[in-house]
Amino acid sequence: MKAIQYSKFGGPDVLQWTELKESTPGPDQVAIRVKAAGVNPVDWKLRSGSIPFSFLFRLKLPFVPGAEVSGIVAETGKNVTSFKPGDEVIGYHSALEGGGYAERILMKASCCQPRPSNVSFEEGAGAPLAAL
Numbered sequence: 000m001k002a003i004q005y006s007k008f009g010g011p012d013v014l015q016w017t018e019l020k021e022s023t024p025g026p027d028q029v030a031i032r033v034k035a036a037g038v039n040p041v042d043w044k045l046r047s048g049s050i051p052f053s054f055l056f057r058l059k060l061p062f063v064p065g066a067e068v069s070g071i072v073a074e075t076g077k078n079v080t081s082f083k084p085g086d087e088v089i090g091y092h093s094a095l096e097g098g099g100y101a102e103r104i105l106m107k108a109s110c111c112q113p114r115p116s117n118v119s120f121e122e123g124a125g126a127p128l129a130a131l
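Letter by letter, the sequence shown follows residues 0 to 131 of numbering that gives the first Met the number 0.
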């Protein structure tokens, strides 16, 4: 799958296209085909290296940013009963987990909500952190 990642801290110029292997969801996860990903201050602060060192220490490079997404469930883990393939969802998890700047992301099902029909994928991806 295609993804955007960075291998060093810096400005937007450190972002690079890459190909990554798709992973299978764990028992409590869903695999989401990403239709839109949000960009929030935590994403660019992590990328620039300007966030406190304690966070950066836990960040494993290369890193695919993006904690806010909306998309379509492609696959579910064996314990997931709240979603099925084809469901349209909005998801948000820790910025240190990232993964949203890719064609597909794994996320705990508990971090997802159904996408309301009156909310576009783009609006849905931009809402999670801002709406908290």
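Backbone N, C-alpha and C define an ideal beta-carbon position, used for all residues, glycine too. Predicted model only: the values in this text are computed from it and were never measured.
Could you pull the DSSP bridge partners for Thr75 from this structure?
Val29
Note down, one range per segment and in chain order, each alpha helix (DSSP H) of at least 4 residues found wholly within the region 54-131.
120-125, 127-130
Please tell me whether Tyr91 and Ala73 are closer than 8 Å, where the distance is taken between their beta carbons.
no
With a threshold of 16 other CB atoms inside 10 Å of the CB of Asp42, please say whether the residue is buried or exposed.
buried
What did DSSP end up calling Lys7 once you bin it into helix, strand or coil?
coil
For Arg46, does the count of other Cβ atoms within 10 angstroms reach 16, so buried, or fall short, so exposed?
With 16 or more other CB atoms across the displayed protein chains lying within 10 angstroms of its CB, Arg46 is buried.
When the Cα of Pro115 is compared with those of Ile71, Gly48, Gly25, Glu96, which residue comes out closest?
Ile71
Cβ shell of Lys77 (< 7 Å), same chain only, five flanking positions each side left out
Answer for Lys77: Pro26, listed in chain order.
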